[in-house]
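Have a look at the structure below before the remarks.
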């Protein structure tokens, strides 16, 4: 992958002018298409989608929440309340110049509106009457009632107010219109107010309220800011004018929104601007280049433009919200430029730079992009757009950073900038070696494991609002005055026609009235009993006509005229009322209702594209809210919207979606890392810090009593992405250290620290913000970033070295997770079984003899054999000897390379007694059983145990002795000690060889891991005690049998060890190294394994070999795996390849020395092995006895002193004549 970017670098370097114009052309093209993108600014796009929420979103889109500004005028003196109306008059006059911001002002009712409303109700009286009203009318039509009403009318007409009441009485002498007027009470704001001096005042007359309905929505803070500022100016002026008499204050969503916007701007100015300045200075200081900030941000800017170009062609509309949120999240993309700059600063070799940095940057961006793409599974169109935009931008940022940054930044030569500044010193400190730090981190992690699941999520978005002190005071005033600030629930009837919506709303209005009477709601505000569907209007008219029969009309008029005559009314005084009775009423249209200003129909009804909604505002007690909402949605075709609950529900859905998203993201990241590393264990190690960061961040939040919210959750995504990047970079650094032994951690850590600085300075600085949302966002960012940097810098390198790097340094093979867990399971099985046998078996052994004891030993042998079979990845085989049945006691000798040797012998026979070391004899697992079975500790001396051993031999048991006395690190048979042969001589026993093959590879000495492989036990031929060909005494027999054993074991090895036998062992030695190294080693072995197998035959077992190589040490490893007695001096000119070969665990276990030049060879060379095409034979002054060329097509060798011993296409062996 890096080769492509190296090619691009040189191509651009040679064509700089053309490249600049090409880049400018692409930028202009991107800007052109970006300007033509259709942006969707609907906030509802963020709402999670399902059948119900789709309908809710449709309703919300055309619902007017009436976010009014409430003006509170408070009487501060004990004088009459006329001061309130005087202040209100002044205020209304002052705000007249602000009409461009004001839709309407409510709270003052003029006489014309009252008259207009009365006339409208009077002219359409049947539409405003219900069953109870007709009962009241029946009462009013009684003779005594009519008489009393006429008398009251007379008194009113002769009073001073007759000018006002005269017309009302003429039209409606019985006061029937007032029954209809009562229906308009449903439109009232609250029962806690009254009308006084044409203004709405509280019942105690001490507070007057005005309601300003702004033209702009609450979230349009830019337009509302000027409006609110001017309102505040007016308020201050009037409060000064009426000081001590009245006081004005405001409350409402638009005012709060403006206060939030101002505070956010102030916080950003006070924190981010300063922090960004510090960041720019820091970058310039560290990189010693004033253009560094431009270089850092340029790739991100370019990638955003390219992303918009891509989006233009694949999406019709893009959510503006998603782009704004995405702009925050893609802040992590500047980290790519910082990583490149830091590595380039420390290593100015461009090819090495790309080799180091390309894979981790591409992998980091790929994992981040994939996690963003998982947002397509979230039920929110805005978040889907966000995922697409962020994913494209992130992946393009990594590519553009790799192309642009090395072209623009030119580091100083090596040696000119050592670790002289504080950032380099911070990066160079070995945190992973600080034990107190590691212990402290581990304790915190353990604590967080118990707390992270319990961190809360605050779904109340209101808690994230900034409300100034004066607005809180205003809110408290309103709460005392009425239920106007109590929980409001919007109940919305809807329909595909005006008729359908109004019909449903009438039914809903009746339900609300019933709920109010039953005390289930406090109050409601509805047009349901006022604005009726045509069908309901017709019913009302028919009811009126049925009620007013001709006889009832005549009788009523007759009574009115008769009683009127008593007070001097003439007969025409009731003509107006007669017209009301005789009128043919018809249904009204919506426009008829809308003409009456006092009804304010537009506040309740809306229509968009044939979809009609009718809203009602209900005040309900908090405890009864949920029950009420369920009843509404269950019993009516209506939607109940509690604005706070709606936010909580939507945020709750988003929270659940985010939880799902995290699972998807983790899976996607794991799969992406596996594709890049092609190694499951490296993937797990890389994910380890990411998961721990999430656990620690959530745990610390829980212990600090803090909660997550929608904003801090987004920041968690940022922290998650940053942690992902850091882990990948550190994996690269640790992998490089494991490959070559070079510690590149300081450079990688420095680039990570710079990235942390940028995040902390840009986001973490908001911790000083006063706005709750910004403060919570910054707090989570700081906790998350510190968790990331501490875990990745301290624990991750510690665990990587503990599990991988340090094993190689100790000469132990790298392991895989599967091998590790299978090994642990086998040892647990062995340990538990051993404890059980030791506890119960020892009891039975003490009291057993003969066949019973033999059965117990057989069971024990079967158990030991089953331990081997508990690992299905190790093949087991016993090569039996037809002439051997183990009935005749003997001294069994076996080679000793592994802890498993004892278990392997159990596959051959159970009729044995072991001579064991003290650690076996005193073992807490098998100790008691071993003692009961008669096993003998050699530390007590053979002479002291002769009688016991003789007794066991007499019982038919053979003695098992490992004549090498200790385990060997290799598969070589070491020198035999005399003890076994002394015993055979003393007891007159035969020698029975057992050859154990494979244990040196399956479980080597010093390790606890059982590797894949095969175990073979071969039963050899008895060596009779009378066979003098092996010597006449035990000393002679020791040497000769040792040589015989080695010869026979070598034959067994030749049969078993084919060309693939050491394949797994070889590949394990390169496990977790750079992928290119692993790939080349595997390809080389798979291509040349037959060649290398043949090569092994032409080199003596104990030869000193000089290898001229250009590989990663795989040939040296194979040569010494086949024969551990060989010593190899390997000359590899390439520094990286030589370091990779030397940093192998096999180089620690085998006699392999990697050299830079021939002067380092300190042994006489037996074989010269040449596998490097570029080596000149003239460089070697003294040639050895044998010269071998492997895959050296361009090397020609001619000498009169050498003859060609073997030749093939890829292998030529020369030997001195």
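Residue numbers (the working numbering): 2 to 1218.
By construction, the Cβ of each residue, glycine as well, lies at the ideal position given by its N, Cα and C atoms.
These figures come from a predicted structure and were not determined experimentally.
Between residue 362 and residue 399 the beta-carbon gap is near 5 Å, inside 8 Å, which marks them as a contact. Around the CB of residue 560, 16 or more other CB atoms lie within 10 Å, so the residue is classed as buried. Under the three-state reduction of DSSP output, residue 834 falls in the helix class. Residues 893, 895, 913, 961, 995, 997 and 1018 of the same chain have their beta carbon placed closer than 8 Å to that of residue 906, with the five preceding and five following residues left out of the count. Collapsing the DSSP output to three states places residue 1074 in coil. Counting along the chain, residue 760 sits inside the alpha helix (DSSP H) bounded by residues 746-763. Approximately 7 Å separates the beta-carbon atoms of residue 207 and residue 75; this is inside 8 Å, confirming the contact. Between residue 526 and residue 597, the gap from beta carbon to beta carbon reaches 7 Å or more. In this structure residue 1141 touches residue 740 by the C-beta definition: roughly 5 Å separates them, less than 8 Å.
Pairwise C-beta distances place the region 260-274 out of contact with the region 100-118, as fewer than three of them are shorter than 8 Å. Counted as a single uninterrupted DSSP element, the alpha helix (DSSP H) harbouring residue 277 occupies residues 274-288.
Taking 4 residues as the minimum length, the alpha helix (DSSP H) runs contained wholly in the region 681-723 are 681-704, in order along the chain.
Considering only 32, 390 and 1022, the residue with the shortest C-alpha distance to residue 1049 is 1022.
Excluding the 5 residues flanking it on each side, residue 790 has same chain C-beta neighbours closer than 6 Å at 757, in chain order.
Assigned with DSSP and collapsed to three states, residue 102 falls in coil, not helix or strand.
Proximity to residue 1002 across 548, 1069 and 852 peaks at 1069, based on C-alpha coordinates.
The shortest C-alpha to C-alpha distance from residue 689 to any of 632, 743, 612 and 788 is the one to 788.
Shown here for residue 1214: same chain residues with a beta carbon closer than 6 Å to its own, the five before and five after excluded, namely 1099, 1189, 1206 and 1207 in chain order. Scanning its chain for C-beta atoms nearer than 7 Å, with the 5 sequence neighbours on each side dropped, one finds around residue 281 the residues 294, in chain order.
According to the DSSP assignment, residue 209 belongs to the beta strand (DSSP E) that extends over 208-215. In the displayed model, residue 910 falls within coil according to three-state DSSP, outside both helix and strand. Closest option to residue 673, judged by alpha-carbon separation, among 964, 360 and 745: 360.
In this chain, the alpha helix (DSSP H) harbouring residue 372 covers 351-374. Rounded to the nearest whole angstrom, the C-alpha separation of residue 1039 and residue 872 is 36 Å. For residue 626, no beta strand (DSSP E) run applies; the uninterrupted alpha helix (DSSP H) run containing it begins and ends at 626-636, by DSSP.
With a cutoff of 7 Å on beta-carbon distance, residue 1104 and residue 1127 are scored as near each other.
The continuous beta strand (DSSP E) containing residue 75 extends over residues 70-76. The Cβ atoms of residue 1060 and residue 1091 sit closer than 7 Å to each other.
Contact between residue 973 and residue 1125 holds: CB atoms are separated by about 5 Å, below the 8 Å threshold.
In the DSSP assignment, residue 774 falls outside any beta strand (DSSP E) and within the unbroken alpha helix (DSSP H) covering 773-791.
The C-beta of residue 32 has fewer than 16 other C-beta atoms within 10 Å across all chains shown, which makes the residue exposed. Taking 8 Å as the upper bound for CB-CB distance, residue 702 and residue 784 are in contact here, some 7 Å apart. Considering only 177, 1046 and 1212, the residue with the shortest C-alpha distance to residue 1191 is 1212. The beta-bridge partner set that DSSP reports for residue 1128 consists of 1105 and 1152. Just measuring C-alpha positions, the residue of 676, 858, 696 and 1032 sitting nearest residue 1076 is 676.
Note: residue 455 is not bridge-paired with any residue in the DSSP secondary-structure output.
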